[in-house]
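In this note's numbering, the protein residues as written are 129 to 252.
What follows is one structure encoded as structure tokens, with my remarks underneath.
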Amino acid sequence: MGARGDGHRDREEGQPGDQGAATSLVRTSWRLLDRHCAVFAAASAAFPPEELRERHDRILAPVRRLVLAGQKVGDLRTDLSADWLVTVVYSLVHAAAAEVQAGRMDPADAPEVLTSTVLAALRG
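This is the structure we're talking about:
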């Protein structure tokens with residue numbers, strides 16, 4: 129039993145499955161993509177979506193591990209597969225980048241908007 133006394137295991141912030149880890153991962157992903165927005169635009173134009181996704185599989189491995197860990201401890205939804213949830217995160221990050229690039233989202237707002245949307249999708 130955790131220190132809360134409710135039978136849930138306690139986890140330190142930053143361990144897979146907790147909100148802190150998911151928030152950190154989304155915000156780090158956003159910063160990387162935002163820093164390399166010209167590369168994102170060029171790659172999006174040069175490669176078909178399925179090839180672009182294949183090139184991201186290595187980068188998405190930490191997202192997949194986080195989703196699997198979160199599902200295992202009950203923090204993230206289990207009614208959808210981990211692979212689908214990784215696809216959702218991938219798609220949302222790229223959609224946010226496209227919105228910023230098109231001028232429909234303020235770059236300063238993007239991390240919070242993206243984090244809120246991703247957490248809502250992962251939690252159901």
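Cβ coordinates follow ideal geometry from the N, Cα and C atoms, glycine included.
Asked, Found
"Expressed to the nearest angstrom, what Euclidean distance is found between the alpha-carbon atoms of Arg183 and Val241?", "25 Å"
"So for Pro235, helix, strand or coil by DSSP?", "coil"
"Buried or exposed for Ser157, going by 16 or more other Cβ atoms inside 10 Å?", "buried"
"Mind checking Thr243: buried by the 16 CB within 10 Å criterion, or exposed?", "buried"
"Note down the Cα distance separating Ala150 from Gly231, rounded to an integer number of angstroms.", "26 Å"
"Would you call Asp203 buried or exposed, if buried means 16 or more other Cβ atoms sit within 10 Å of its Cβ?", "buried"
"Short of 6 Å in beta carbon distance, which residues of its chain neighbour Val262, apart from the five on each side in sequence? Order them along the chain.", "With the chain running from 129 to 252 in the structure shown, residue 262 is simply not present."
"Which residues in the same chain as Asp207 place their Cβ atom closer than 8 Å to its Cβ, once the five residues preceding and following it in sequence are excluded?", "Gly252"
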